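Under my numbering, the first residue of the sequence shown is numbered 86, with each subsequent residue one higher.
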Amino acid sequence: ATAGGKPRILAPPLPTAELISDGTTTTYSASIKQECLPSTTNNVIRRKTCLLPTLPKTMVQGYQKLAKLTELINAPRSLAEYATALFKKVYESGVLRTRPVDILVAAVLYITCRQNGVPRTFQEIAQISCVSKKELGRTFKVILRALDTSVDVITTADFMCRFCHSLGLDNELMEAAQHIAAEASKRDLVAGRSPVSVAAAAIYVASQASAAPRCAAEIGLALGVSEATIIHVYRSIYPHARDLFPPHFVFHTSIEKLPTQRSFC
Numbered sequence: 086a087t088a089g090g091k092p093r094i095l096a097p098p099l100p101t102a103e104l105i106s107d108g109t110t111t112t113y114s115a116s117i118k119q120e121c122l123p124s125t126t127n128n129v130i131r132r133k134t135c136l137l138p139t140l141p142k143t144m145v146q147g148y149q150k151l152a153k154l155t156e157l158i159n160a161p162r163s164l165a166e167y168a169t170a171l172f173k174k175v176y177e178s179g180v181l182r183t184r185p186v187d188i189l190v191a192a193v194l195y196i197t198c199r200q201n202g203v204p205r206t207f208q209e210i211a212q213i214s215c216v217s218k219k220e221l222g223r224t225f226k227v228i229l230r231a232l233d234t235s236v237d238v239i240t241t242a243d244f245m246c247r248f249c250h251s252l253g254l255d256n257e258l259m260e261a262a263q264h265i266a267a268e269a270s271k272r273d274l275v276a277g278r279s280p281v282s283v284a285a286a287a288i289y290v291a292s293q294a295s296a297a298p299r300c301a302a303e304i305g306l307a308l309g310v311s312e313a314t315i316i317h318v319y320r321s322i323y324p325h326a327r328d329l330f331p332p333h334f335v336f337h338t339s340i341e342k343l344p345t346q347r348s349f350c
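What follows is the structure in structure tokens.
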């Protein structure tokens, strides 16, 4: 009670909230507004932008952008938390503070997807982030060196299911395309080519022999690979096509009638 006999009103304790997923916590001097906490899978990321007024501006911007991008790729909460913690490590390393935050966020998301077994292509991340694919690739490599970390090598199998699904292709054709891609790689027919380009060309080969042919331009548009690249890889595969298809594949178009240099669709 005060000297005048009136009861003293005690202020409620300041709220605390999780800062990153590794368990570090902090205390905030501002009240938490309910509108800062939308009910989405990215609440963990969004809380940081609402509850951390003392954080550097770049870090706050990074959290905001990560929230948007992880929503765009329908990332689960665990992946969103991983991306947030990784961005914090990248920022605190100090090595990349001169780079635009958009590039940092894009590279962090790319690495997060790779390290969590749900890889996306450089083209996919660059497109949703509105950044240069070239700069994304450079920053990705710098981050790996700065944090002394690594990512698993990607293969055509990492993308084949998702690519075929986006084109509306059935499981039989998907399995054939994966078999073709794996055999082409095993026989060293596509050395130096990215798994994404090889996957696109394998889908083109398999679809052209099936009842649901797809043009190289259509495949390229769906997968973010140029038509010219698909055709170039196809030319490396075509002479060996007979040995690349799975044994039980049902041909609707014979190998002899597959597109040649003068008949690409």
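The beta carbon of each residue, even a glycine, is placed where N, CA and C say it ideally should be. Owing to the predicted nature of the structure, the values given are computational and were not obtained by experimental measurement.
Query	Result
Determine the DSSP secondary structure at Val190, reduced to helix, strand or coil.	helix
If we call anything under 9 Å between Cβ atoms a contact, is Asp187 one with Arg272?	no
Taking just the CA atoms, how far does Ala286 sit from Phe319?	In the sequence as presented, Phe is not what sits at residue 319; that position holds Tyr. Spanning the two alpha carbons is a distance of roughly 5 Å.
Please classify Thr183 as buried or exposed, where buried requires at least 16 other C-beta atoms within 10 Å of its C-beta.	exposed
What's the gap between the Cα of Val281 and the Cα of Pro141?	37 Å
Answer yes or no: do Ser214 and Leu194 have a C-beta to C-beta separation smaller than 9 Å?	yes
Considering only residues of the same chain and omitting the five flanking positions on each side of Tyr167, which have a CB-CB separation below 8 Å?	Ser106, Thr197, Gln200 and Asn201
Go to Asp255, then tell me how far its alpha helix (DSSP H) extends in each direction, as first and last residue.	Careful: Asp255 lies outside any alpha helix (DSSP H) and carries neither H nor E.
Express the C-alpha separation of Lys219 and Glu353 in angstroms, rounding to a whole number.	Residue 353 lies beyond the residue range present for the chain, which begins at 86 and ends at 350; the question has no answer from this structure.
Out of Ile239, Glu312, Val335 and Pro161, which has the shortest C-alpha to C-alpha gap to Ser295?	Val335
Measuring only the C-alpha atoms, how far is Tyr323 from Asp255?	22 Å
Since Ile213 is in the alpha helix (DSSP H), which residue starts that stretch and which ends it?	Phe207 to Ser214
Just checking my contact of His317 with Leu274 at CB under 8 Å: how many whole Å lie between their CB atoms?	Actually they are not in contact, since the Cβ atoms of His317 and Leu274 sit about 12 Å apart, beyond 8 Å.
Please report the straight-line C-alpha distance between Val283 and Val175, rounded to a whole angstrom.	32 Å
Is Leu343 helix, strand or coil by DSSP?	coil
DSSP three-state call for Ile239: helix, strand or coil?	coil
One question on the structure: do Ala192 and Leu221 come within less than 9 Å of each other, judged by their Cβ atoms?	yes
So Thr338 is in the alpha helix (DSSP H); what residue range does that whole segment cover?	Taken as a continuous stretch (DSSP letters only), Thr338 belongs to no alpha helix (DSSP H), as it is neither H nor E.
Count the other C-beta atoms from every protein chain shown that fall within 10 angstroms of the C-beta of Pro161, then say buried if there are 16 or more, exposed otherwise.	exposed
Output the distance between the C-alpha atoms of Glu303 and Val236, rounded to the nearest integer angstrom.	30 Å
Determine, using beta carbons only, whether Ile228 and Leu189 come nearer to each other than 9 Å.	yes
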